[in-house]
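Number of protein chains: 2
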Amino acid sequence: MEKVRRVERMVALTKLLVDSPQELIPLNYFCDFFGIAKSTLSEDLACVKDSLQHFSLGTLETVAGASGGVRFIPYRSGERANAVLKEVQRRLEEPDRIIPGGFLYMSDILYDWHIASRLGEIIMSRFADTEPDYIMTVETKGIPLAVMVARAFNKPLVIARRDSKVTEGSSISINYVTGSSRRIQTMSLTKRAVPPQSKVLLIDDFMKAGGTANGMRELVNEMGGVVVGIGVLVATASPKPKLVDDYKALLVLNNVDEVIKQIDVEPVYDKV
Amino acid sequence: MEKVRRVERMVALTKLLVDSPQELIPLNYFCDFFGIAKSTLSEDLACVKDSLQHFSLGTLETVAGASGGVRFIPYRSGERANAVLKEVQRRLEEPDRIIPGGFLYMSDILYDWHIASRLGEIIMSRFADTEPDYIMTVETKGIPLAVMVARAFNKPLVIARRDSKVTEGSSISINYVTGSSRRIQTMSLTKRAVPPQSKVLLIDDFMKAGGTANGMRELVNEMGGVVVGIGVLVATASPKPKLVDDYKALLVLNNVDEVIKQIDVEPVYDKV
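So the sequence lines, in the order shown, correspond to chains A and B. Okay, so the first sequence: first residue is 1 according to UniProt numbering, each after it adds one. Okay, so the second sequence: first residue is 1 according to UniProt numbering, each after it adds one.
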């Protein structure tokens, strides 16, 4: 490969690292890609790391040894996280989101990959210490958010189904009672999805009484896994207590007033 | 903000652009963020663009005028696309994927955000000329892929449901016949999701007879939209013709032999 200027190499290096969050990339990969020595690469990586940290855009982590390499760790906390939450609050409080019955239309926000990817990074930052092996959700509306959490953690996604499909192979099903409407529902997961002893982080878009999260936990337990955290985008303020108490919500829905068309949503901000 | 070296600024600039594919970011945003003049920024952007193109990592597009700005356009075509498809082929041909009935277990690949994001870029590159306003899929397994296609296009995602949920507001439902099993199914979409005259790109993970894609098209037509393309990850070689003929598959499933446990998958490569 022809010689390129250092600054051009740094641009490409940044792109490749940022594109694969949390993925450990061997140093040799970059040495070969750019045709440079390891010492040169180390200088380049130090500079990329400084720059990312300087602008609060994430950091790099280097792992020494034969199976080592370098990985990009995105983070979105403090003021950058709070600005995202404030924007989501503003959109959730738009009066025409109210659906008869006091529900909120949220799909346009949930299916906006741009917001979802930022929310995924916030959830990753808040659950980083739980070190999950799998990110799990139940179909359907929470999937895009869970995809982005899985991306930020660089861990596989697991999706529980409301029915069991023949194309998934043998599966485990549980019945659970939804906390709010007291209906019995079924949730199933293919047996291949979660190996025993796995640490699983549960993700959902909305929590009212916590019945769905409770059902997901039961399913994980059935498979011999352990739930290490429950992250939801929006949780309602009431009922309280919920069927699960160890969850973290990014926003709390205090009230929906159908008569005066007013929605009261409160972000759970990072301390700054 | 304190003065930073140019190379550090370029790293941060690259990160911010790459993080928001296809999003038009005003030049002023970067001038303010880095505290630099527009002329300096223009030089920086030219260098980022050169570097991305040099390494085939994408490009930048600058739009002049008051509402102008700069956007990062990811692409993955030619050899870089073909390497991804070859890897997916290798994984799909692992013998233990066969599920009784001749189905293939694909969820681990579909729910691997790393592969999904690369496949999303390939689909975007192949459908770039269709200029869709919306990316649409039907629940459940195709959603992560569709999220990544939406990300590569920077367009909103629309997810059709197999039932109609009260939390989505008023919706349109259609009945359709699945092409392979000849069963009648229901598919529904909230009325807010697709405005009339919208150009919609359909995405699905698997196509056998094309009944589901045909149902999605009918749903889009009901809402006054237009389907501009159909992209699927894997299509079976038979039956042929299918209920839709204007689809593009990334891989073709020629045969699943349950007896000798052999799977024959063929990538549809880019010309290089």
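Here a beta-carbon is modelled for each residue, glycine too, at the ideal position from N, C-alpha and C. Quick caveat: nothing in here was measured; it's all calculated off a predicted structure.
As assigned by DSSP and simplified to three states, the class of Met1/A: Per-residue confidence for Met1/A stands at a pLDDT of 42, beneath the threshold of 50, marking its modelled position as unreliable; the derived number appears in the next sentence. Correct three-state label for Met1/A: coil.
For a contact meaning CB atoms closer than 7 Å, what does Glu139/A contact in chain B? Glu139, Thr140
Hey, Tyr111/B and Pro156/A: beta-carbon distance below 8 Å or not? yes
Chain-order list of residues whose beta-carbon lies under 8 Å from that of Met10/A (same chain, five-residue window excluded): Asp44, Cys47, Val48
Is Ala12/B close to chain A? Criterion is C-beta to C-beta, closer than 8 Å. yes
Three-way DSSP call (helix, strand, coil) for Asp204/A in this model: Three-state result, Asp204/A: strand.
Endpoints, beta strand (DSSP E) assigned at Arg71/A: 69-73
Considering Gly231/A, what are the terminal residues of the beta strand (DSSP E) in which it resides? 226-236
Between Ala146/B and the rest of its own chain, which residues show a CB-CB distance below 7 Å, the 5 nearest in sequence each way excluded? Here the set comprises Ile135, Thr137, Leu157, Ile203.
Would you tell me roughly how many angstroms separate the C-alpha atoms of Ile174/A and Val226/B, rounded to the nearest one? Spanning the alpha carbons of Ile174/A and Val226/B requires a straight line of approximately 40 Å.
Just curious, the alpha helix (DSSP H) that Pro144/B is in, first and last residue? Judged by DSSP secondary structure, Pro144/B falls within the alpha helix (DSSP H) whose first and last residues are 143-153.
How would you list, in chain order, the residues of chain B whose beta-carbon sits under 7 Å from the beta-carbon of Ser39/A? Neighbours of Ser39/A on chain B: none; closest Cβ ~17 Å, over 7 Å.
CB of Val256/A within 8 Å of CB of Leu85/A, strictly: no
Mind checking whether Leu57/A and Lys15/B have CB atoms under 8 Å apart? yes
Please list the partners that Glu23/B has in chain A, where partner means a Cβ-to-Cβ separation under 9 Å. His114
Under 6 Å Cβ to Cβ from Ile263/B, same chain only, skipping five residues before and after it: list those, please. Glu93, Val256
Is Arg9/B near the ligand MN, judged by its Cβ being under 7 Å from some heavy atom? Among the components of this structure there are no ligands whatsoever, and the ligand MN is therefore not found.
Buried or exposed for Asn254/B, going by 16 or more other Cβ atoms inside 10 Å? The residue in question, Asn254/B, is exposed, as its Cβ has fewer than 16 Cβ neighbours within 10 Å.
Chain-order list of residues whose beta-carbon lies under 6 Å from that of Lys242/A (same chain, five-residue window excluded): Ala209, Gly210
Distance check for Phe127/A and Leu52/A, CA to CA, integer angstroms please. 21 Å
Own chain partners of Val265/A with C-beta closer than 6 Å, once the 5 adjacent residues on each side are dropped: Gln89, Leu92, Glu93, Leu251, Leu253
Let's test the definition: count the other Cβ atoms within 10 Å of the Cβ of Ile184/A and tell me whether it reaches 16, buried, or not, exposed. exposed
My output table needs one value for Asp96/B: the three-state DSSP class, helix, strand or coil. helix
Of the choices Thr59/B, Pro95/B, Ile73/B, whose alpha-carbon is the least far from that of Glu258/B? Pro95/B
Assign Ser125/A to one of three DSSP states: helix, strand, or coil. helix
Using 10 angstroms around the beta-carbon of Asn221/B, count the other beta-carbons present and answer buried if the total reaches 16, otherwise exposed. Exposed, by the Cβ-count rule.
Less than 8 Å between C-beta atoms, sequence neighbours within five positions excluded: which residues of the same chain meet that for Phe55/A? none
Around the C-beta of Asp246/A, are 16 or more other C-beta atoms found within 10 angstroms, so that it is buried, or is it exposed? Residue burial is scored here from C-beta neighbours: Asp246/A has fewer than 16 other C-beta atoms within 10 angstroms and is therefore classed as exposed.
In angstroms, rounded to a whole number, what distance separates the CA positions of Ile159/A and Ser107/B? 9 Å
Report the option in Asn214/B, Ser77/B, Leu41/B, Val70/B whose CA atom is closest to the CA atom of Val268/B. Ser77/B
What are the start and end residues of each continuous beta strand (DSSP E) run of 3 or more residues lying completely inside the region 22-63 of chain B, in chain order? Unbroken beta strand (DSSP E) stretches of 3 residues or longer found wholly inside the region 22-63 of chain B: 59-63, given in chain order.
Note down, in chain order, every chain B residue with its Cβ under 9 Å from the Cβ of Lys242/A. Within chain B, no residue comes near Lys242/A; the closest Cβ sits about 18 Å away, beyond 9 Å.
One question on the structure: do Phe206/B and Leu189/B come within less than 8 Å of each other, judged by their Cβ atoms? No, they are not a contact pair.
Cβ closer than 8 Å: which chain A residues qualify as neighbours of Ala150/B? Tyr111, Trp113
Burial state of Thr212/A (16 or more Cβ within 10 Å): buried
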